[in-house]
Structure formats: C-alpha cells, structure tokens
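Trainee: Below is the structure I would like to discuss, written out as structure tokens.
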Amino acid sequence: MILSLGIGESSYVPDALIGVPQDQVDLDLIAIWQCYGRDPLRWEALLFFTNHDGWHSADTLVAASGLSRVWVAKKLVELANLGLLEEMIMVTGPLYRLADDGELCRVARRLSRKLMLAVSVPH
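Taking the numbering used here, the leading residue of the sequence shown gets 61, the next gets one more, and so forth.
Shown next as structure tokens:
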C-alpha cells in the first residue's frame, strides 16, 4: 500500500492498482509474531534457527548475534521447553536445532523466508 501525503491530505492507494497486491493479512504469521516477536531474544533465536540447519550451541548464537550468553542460554531452554527447538545434551553442553515437526516451525520458516526477501529487495 502507498500512503501519499498531498497538501494537507493523505490518501490510500491499494497495492492492486500499482502492481502486485500485498494488502493481505497472513493470520499464521500474526500468531507467531504474538508468541515470539514481543521478546527480542526469543525472536533473535527463532530467526537464527530458521536460517541455520543442524545443531548449534548457545555460543554459536552468541557469536552470531552479540547477545549476552546468560540470556541466550535461558531463551534457548525456554524455546526447547515450548517444543520449538529440540535439545541434545552433550558432554560439552546442550545443542539446539529447530524442531522438524509442528505447524509453528513451518510458519517460523515461512516468516524467516519472507523477512529475508523483504531485506534483500532494493527499495
């Protein structure tokens, strides 16, 4: 959508009139945003695991994000308890990956792809 500001007046121009329509609400994405988007650390962890396959330690996420290790470790445990991440305990410490099953994980991957497209499209 475009909100054009004229002289003292605003007007809405639907996307369908200027190109590919995008004036649609994706209810699946709203649900995941409400669950995870309000907590920046959960959100960062979720996006990391949707873009990185395989098992990763808290240290990997700390290195990629620059966040505090204590907070990252706490959020990873929370996400594992919610079933979004799988946890594997090793001698060196726990490893995590995005769970393979579940509607929430499918939506999380789709949201991550949409965000990556939005970032990569030149404006």
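For every residue, glycine included, the Cβ atom is placed at its ideal position computed from N, Cα and C.
(1) Cβ of glutamate 147 within 9 Å of Cβ of valine 137?
(2) Spatial neighbours of serine 125 within its chain, please: CB distance less than 6 Å, with the 5 preceding and 5 following residues excluded, ordered by chain position.
(3) So, with DSSP's three-state summary, where would you put arginine 102?
(4) Do alanine 159 and leucine 145 have their beta-carbon atoms positioned less than 9 Å apart in this structure?
(5) From which residue to which residue does the alpha helix (DSSP H) around leucine 121 run?
(6) Quick one: using the 10 Å Cβ neighbour count with 16 as the cut-off for buried, is threonine 152 buried or exposed?
(7) Is it right to say lysine 174 is buried, meaning 16 or more other beta carbons lie within 10 angstroms of its own, or is it exposed?
Mentor: Reading off the structure:
(1) On the sequence shown, residue 147 is found 87 positions in, with the first residue counted as 1. On the sequence shown, residue 137 is found 77 positions in, with the first residue counted as 1. Their beta carbons are under 9 Å apart, which means glutamate 147 touches valine 137 by this criterion.
(2) Numbered from 1 along the sequence shown, position 65 holds the residue referred to as residue 125. Contacts found: Glu104.
(3) Taking the sequence shown and counting its residues from 1, one reaches residue 102 at position 42. Residue state, collapsed to three classes: helix.
(4) Taking the sequence shown and counting its residues from 1, the one referred to as residue 145 is at position 85. Taking the sequence shown and counting its residues from 1, the one referred to as residue 159 is at position 99. Result yes, Cβ atoms of leucine 145 and alanine 159 sit closer than 9 Å.
(5) Looking up residue 121 in the sequence shown gives position 61. Segment 118-125, the alpha helix (DSSP H) holding leucine 121.
(6) Along the sequence shown, read from residue 1 onward, the residue named residue 152 stands at position 92. So threonine 152 ends up on the exposed side.
(7) The sequence position of residue 174 within the sequence shown is 114, counting from 1. When all chains shown are included, lysine 174 counts as exposed.
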